[in-house]
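As numbered in our numbering, residues 35 to 138 make up the sequence shown, in order. Virtual Cβ for every residue (Gly too), placed ideally from N, Cα, C. A quick note: this is a predicted structure, and the numbers were derived from the prediction, not measured. First up is the structure itself, then whatever we jot down about it.
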Amino acid sequence: MKLITKALEERFEKIGDQSEIQDPIIVAKFFNPAGRQTWYASEYDKENNICFGYVTGFDFDEWGYFSIDELESLKLPFGLKVERDIFFKEIRFQELVKQKDLER
35 MKLITKALEE
45 RFEKIGDQSE
55 IQDPIIVAKF
65 FNPAGRQTWY
75 ASEYDKENNI
85 CFGYVTGFDF
95 DEWGYFSIDE
105 LESLKLPFGL
115 KVERDIFFKE
125 IRFQELVKQK
135 DLER
């Protein structure tokens with residue numbers, strides 16, 4: 035599965051830099067179907083094919099950069115790959131936290 039579609043690319047470009055926004059819009063969600071890791075993207079750098087966003091499911095949850103190339107190349111158990119949640123709807127981060135109880 036291609037994680038960044040043309041439509042997502044255009045949406046990220048329209049939203050632009052959210053680094054100064056306290057409650058950014060989460061545009062896309064990527065997840066490990068064989069584990070608990072999830073990557074919530076709020077920004078995308080097309081030139082470097084990297085996203086900035088909130089990452090959960092490791093020993094800690096944090097904001098940071100992640101490479102789409104690396105996510106697409108991960109080999110997971112049973113031949114699975116990292117997937118994009120095609121049903122995910124844009125949401126403000128604080129609302130996502132309320133819905134998913136991301137803060138521990």
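The three-state reading of DSSP puts V61 in coil, since its state is none of H, G, I, E or B.
Two segments are said to touch when three or more pairs of C-beta atoms, one from each, lie closer than 8 Å; by this definition the segment 97–114 touches the segment 70–88. Taking a 10 Å sphere around the C-beta of A68, we find fewer than 16 other C-beta atoms and assign the residue as exposed. Annotated three-state conformation of R45 is helix, per DSSP. Ranked by how close their Cα comes to the Cα of L114, the residues Q52, L105 and F121 have L105 in first place. Taking a C-beta distance under 8 Å as the contact criterion, Y88 and D95 qualify as a contact pair. Of all alpha-carbon atoms in R126, K134 and K40, the one lying nearest the alpha-carbon of S76 is that of R126. Where D103 is concerned, the enclosing alpha helix (DSSP H) starts and stops at I102 to S107.
Within the same chain, I59 and V61 come within 6 Å of E124 by CB-CB distance, once the 5 residues on both sides are set aside.
Within the DSSP bridge table, the entry for E117 names F65 as partners.
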